[in-house]
Amino acid sequence: MAEIKFVETKNLKEKPDVSKIGFGTHFTDYMFVMDYNTAEGWHDARIVPFENISVSPANATLHYGQAIFEGIKAYRYDGGKKAVVFRATDHLKRLNNSARILDIPEVPFETVHEGLLRLINIEKDWIPKEKGQSLYIRPFIFAADEVLGVSVGKKYKLMIILSPVAAYYAHGFAPVKIMVESEYVRAVRGGLGAAKTPANYAASLHAGLIAHDKNYDQVLWLDGVERKYIEEVGSMNILFKINGEVVTPSPKLQTSILDGITHRTVMDVAKEWGVPAVERKISIDEVIQAHENGTLEEVFGSGTAAVISPVGVLEYKGKEYVIQGGKIGEFAQKMYDYIEGLHTGEIEDKFGYIEVAGEY
Ligand SMILES: *Cc1c(COP(=O)(O)O)cnc(C)c1O
């Protein structure tokens, strides 16, 4: 494993009242950085003071978007005795999977993993104390070449920055209203959907704005070819509970959706509970039909930011479908409470998700 340099600063920031800040508005004192060039590979792993970076106006990423990212969370654990990260190994493996999709050189896992844990340990006082709050970890990689010719980069930068975040549900765990998108598409088979990359977010902004104007919180994407099969919500995967069974699109069968880590957690926990849960293709027609014949018990999203997001209303082609009177489903509530318990250590981690970064 490569050596990780630490550049200390005495100039530390005042920590904000996390309950009063939005998502991703404040950043901690340090960040992890690594550089890549073709001669040296990934090199110069370092933890340095958080500061602005300078890039050329010809920076390749600004023009052509060769970039990837991750979103991970750290928590206070075991009654505040430990600082832990949730499924960091899985997230870093997915970062390398996204790297392969965008032809970015894979990062040396051991060094980045160690750098991440060390950064969290240094910054552990930034992990907020209240339940539901967390320290959001944002690793990202972008091409650093200074040339306008379109090509795969020869230089890259990896950075990991940290941001304390409030509980996602400031006013309590609440259902969202979702618009099923039948005009625009986010990603198609053979595209970038399986990578966590800014391009997929750029592709989703316009439809998101339209949905917001119509008073919906988010968009549910259908497959880009037939506009028939359910894909995902764009920052969350989607799950349905139909007639006692959890049914959800499969990132293994549908290469245009992201293989969400929270999605994997939900499937693992469902199995642990003995609740039948399958990954398969599911069409919007099947969902509407299940709503109509009364077997659609619950709809909810999964993602690191919200953890679980119950869906109260689905809109499709101008018609609104209210799910179980718009109330939070029992399974979604139980799953949310359980995963929150795994985060804080109130529920025993049988799965090996928790990685300890430091102790208080
Ligand atoms: C990050 C993300 C998700 C959620 O994945 P998690 O690993 O559960 O956080 C789902 N879809 C897309 C497109 C994403 O970028």
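Its first residue numbered 0, the sequence shown is counted upward by one per residue in numbering that gives the first Met the number 0.
The beta-carbon is built from N, C-alpha and C at its ideal position, and this holds for glycine as well.
Just to confirm before moving on: does the CB-CB distance between residue 126 and residue 75 stay below 8 Å? When the beta-carbon positions are compared, residue 126 and residue 75 come within less than 8 Å of each other.
Near residue 112, which residues of its chain fall below 8 Å by C-beta distance, leaving aside the five closest residues on each side in sequence? Hits under 8 Å: 87, 88 and 91.
Using beta-carbon positions only, say whether residue 278 and residue 254 come within less than 8 Å of one another. No, Cβ-Cβ distance for residue 278 and residue 254 is not below 8 Å.
For the stretch 134-146 against the stretch 221-240, do three or more pairs of beta-carbon atoms, one drawn from each stretch, fall closer than 8 Å, so that the two count as touching? No, the stretch 134-146 does not touch the stretch 221-240.
Distance cut-off 7 Å: residue 234 Cβ against heavy atoms of ligand 1: Result yes, Cβ under 7 Å from ligand 1.
Classify residue 55 as helix, strand or coil using the three-state DSSP reduction. Coil, per DSSP.
Beta-carbon proximity of residue 223 to residue 186, cut-off 8 Å: Yes, the pair counts as a contact, with Cβ atoms nearer than the cut-off.
Within this structure, are the beta carbons of residue 164 and residue 273 separated by less than 8 Å? No, the Cβ-Cβ distance between residue 164 and residue 273 is not below 8 Å.
Contact defined as beta carbons within less than 8 Å: I believe residue 239 pairs with residue 295. What is the distance between those atoms, to the nearest angstrom? So it is a contact: roughly 7 Å between Cβ atoms.
What do you reckon, is the C-beta of residue 96 under 7 Å from a heavy atom of ligand 1? It does not: the Cβ of residue 96 is nowhere closer than 7 Å to a heavy atom of ligand 1.
Quick one: complete beta strand (DSSP E) runs, 3+ long, within the stretch 257-282? Runs of the beta strand (DSSP E) inside the stretch 257-282: 276-278.
Would you identify the three-state DSSP class for residue 292, choosing helix, strand or coil? Residue 292: coil per DSSP, three-state reduction.
Using a Cβ-based criterion (distance less than 7 Å to any ligand heavy atom), does residue 205 qualify as near ligand 1? No, Cβ of residue 205 sits at least 7 Å from all heavy atoms of ligand 1.
Is any heavy atom in ligand 1 found nearer than 7 Å to the beta carbon of residue 70? Yes, since a heavy atom of ligand 1 falls inside the 7 Å radius drawn around the Cβ of residue 70.
Alpha carbon to alpha carbon, how far is residue 311 from residue 281? Computed Cα separation, rounded: 19 Å.
Rounded Cβ spacing between residue 29 and residue 129 (contact assumed at less than 8 Å): Between residue 29 and residue 129 a beta carbon distance of about 23 Å is seen, past the 8 Å cut, so the two are scored as non-contacting.
Residue 260: beta carbon under 7 Å from a heavy atom of ligand 1? Yes, the Cβ of residue 260 comes within 7 Å of a heavy atom of ligand 1.
Just confirm the distance between the C-beta atoms of residue 98 and residue 52, as a whole number of angstroms; I'd bet it's less than 8 Å. Not confirmed; about 20 Å, so no contact.
Can you tell me whether residue 170 is buried or exposed? The criterion is at least 16 other CB atoms within 10 Å of its CB, across all chains shown. Taking a 10 Å sphere around the C-beta of residue 170, we find fewer than 16 other C-beta atoms and assign the residue as exposed.
When the distance is taken between beta carbons, is residue 143 closer than 8 Å to residue 156? Taking 8 Å as the cut-off, the Cβ atoms of residue 156 and residue 143 count as close.
Would you tell me roughly how many angstroms separate the C-alpha atoms of residue 47 and residue 117, rounded to the nearest one? When only Cα atoms are considered, residue 47 and residue 117 end up about 12 Å apart.
Note down the Cα distance separating residue 96 from residue 69, rounded to an integer number of angstroms. Each residue's CA atom was taken as its position, placing residue 96 and residue 69 some 11 Å apart.
Any heavy atom of ligand 1 inside 7 Å of the beta-carbon of residue 231? Flag set: Cβ of residue 231 near ligand 1.
With H, G and I counted as helix, E and B as strand and the rest as coil, what does DSSP make of residue 247? Residue 247 sits in a strand when the DSSP states are folded into three classes.
Compute the minimum distance between the beta carbon of residue 302 and the heavy atoms of ligand 1, and state whether it is under 7 Å. Within the cutoff, so yes.
Assuming contact is defined by CB atoms lying nearer than 8 Å, are residue 382 and residue 268 in contact in what I supplied? The requested residue 382 does not occur in the structure, where the chain is confined to residues 0 to 359.
Going straight from the alpha carbon of residue 106 to that of residue 216, what length do you get? The alpha-carbon atoms of residue 106 and residue 216 are separated by roughly 35 Å.
Count the other CB atoms, across all protein chains shown, that sit within 10 Å of the CB of residue 297; report buried if there are 16 or more and exposed otherwise. By the neighbour-count rule (16 or more Cβ atoms within 10 Å), residue 297 is buried.
Whole-angstrom distance between residue 103 and residue 59, CA atom to CA atom: Residue 59 and residue 103: Cα-Cα distance of roughly 13 Å.
Under 8 Å, do residue 25 and residue 162 count as touching if we go by C-beta distance? With a cutoff of 8 Å on beta-carbon distance, residue 25 and residue 162 are scored as near each other.
Is residue 213 buried or exposed, if buried means 16 or more other CB atoms sit within 10 Å of its CB? Exposed, since its Cβ has fewer than 16 Cβ neighbours within 10 Å.
Run the CB neighbour count on residue 359, radius 10 Å, all protein chains shown included, and call it buried at 16 or more, exposed below. Here residue 359 is exposed, its C-beta having fewer than 16 other C-beta atoms within 10 Å.
Since residue 174 sits in a beta bridge, which residues does DSSP pair it with? Within the DSSP secondary-structure output, residue 174 pairs in no beta bridge.
Just list the residues that DSSP pairs residue 48 with in beta bridges. For residue 48, which the question treats as bridged, DSSP gives the partners 29.
May I ask which residues mark the beginning and end of the beta strand (DSSP E) holding residue 81? Looking at the DSSP string, the run of the beta strand (DSSP E) that includes residue 81 is 81-85.
Beta-carbon proximity list for residue 364, same chain, < 6 Å, skipping 5 on both sides: This structure cannot settle anything about residue 364, because the visible part of the chain is limited to 0 through 359.
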